[in-house]
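Residues 40 to 281 in the numbering used here are what the sequence shown lists, from first letter to last.
Data first, discussion second: the structure below is written as structure tokens.
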Amino acid sequence: MSTVDSGSVRSSGRLAASISLIQGLLLFVPLVVLGAAIEWPASLDDPAAIALPRLLEEEGAVRFGYIAYLIYSILFVITITLLAKCVSGSAMRAFMSLILGFALISTMARTIGIIRWLDPMPQLAKSWELAATEEERYAISVNFDVLNSYGGTIGEVLGVSIFAAISILLFCIAAIKDRSLPTWLSGFGLIAATAVLATASTLAGVDAGDFLITFGTTMVQLWFLAIGFWLLYWSKKSTEKV
40 MSTVDSGSVR
50 SSGRLAASIS
60 LIQGLLLFVP
70 LVVLGAAIEW
80 PASLDDPAAI
90 ALPRLLEEEG
100 AVRFGYIAYL
110 IYSILFVITI
120 TLLAKCVSGS
130 AMRAFMSLIL
140 GFALISTMAR
150 TIGIIRWLDP
160 MPQLAKSWEL
170 AATEEERYAI
180 SVNFDVLNSY
190 GGTIGEVLGV
200 SIFAAISILL
210 FCIAAIKDRS
220 LPTWLSGFGL
230 IAATAVLATA
240 STLAGVDAGD
250 FLITFGTTMV
260 QLWFLAIGFW
270 LLYWSKKSTE
280 KV
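As structure tokens, this is what we get:
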């Protein structure tokens, strides 16, 4: 039977649970806002001729959506830190540095990827609007493609598909070794993280496909929600025993 140290649950369980629930729900803000404004995330592959004019037309919504996504990405390292400290066990303590290290790198990489849509891309969009010749627009489109590919690789592939997935994998492996979470919850996290990690196949030239990307992302969000609700349950149960 899985157990969580009651003192730890009483002191930090509710906070970790609340942050985990916020983490699980917050991604829906950019999904809804950016999805309605620019058909995100499918629009990430749009060429400059489509993406830049639309970026100017929907600049307010784009900024709001990506700021929400930035907050979500920064919150990731905070969430993992609170969860790892809340769930007790020798394996979790042994893996702590790696779990938090990969989470921090993930947040930094994602931040780099997101920032491209808050400053350099709007500047390119304005330059595109003011361009007088096709040659100027071609030069802008080349810069757009390079910046988008570079930022996307760092943010989406390294930040999400690799470092975030590894952090969650290590967390779940430690939880399994410690038996500090229900087996189904740790297994849920392993499946979610593995699905996200598989999307890094793009680095090897293998298209991960929209289904795998959607499946992995959805599973991770559901896992954060599940562990949040579970911690709330154990926090309440632990308090009642005192």
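Where is the CB? At the ideal position from N, CA and C, for every residue including glycine.
Secondary structure at E97: coil, using DSSP grouped into helix, strand and coil. Per DSSP, V199 is not a residue of any alpha helix (DSSP H), being assigned neither H nor E. For S219 and F227, the gap between their C-alpha atoms comes out near 14 Å. The alpha-carbon of W223 is positioned some 20 Å away from that of K124. The alpha-carbon separation between E98 and A75 amounts to approximately 13 Å.
Under the three-state reduction of DSSP output, G248 falls in the coil class, being neither helix nor strand.
Under the three-state reduction of DSSP, A133 is assigned to helix.
Contact between the segment 53-72 and the segment 163-174 is absent, with fewer than three C-beta pairs closer than 8 Å. The C-alpha of L54 is placed about 9 Å away from the C-alpha of L270. Per DSSP, the continuous alpha helix (DSSP H) segment holding D184 begins and ends at 173-191. Here DSSP, grouped into helix, strand and coil, assigns P161 to helix. Its chain contains G128, A130, M131 as the residues whose beta carbon lies nearer than 6 Å to that of D217, once the 5 sequence neighbours on both sides are disregarded; these appear in chain order. Secondary structure of P92 (DSSP, three-state): helix. The C-alpha of G194 is placed about 16 Å away from the C-alpha of A237. For V71, the uninterrupted alpha helix (DSSP H) run begins and ends at 67-77, by DSSP.
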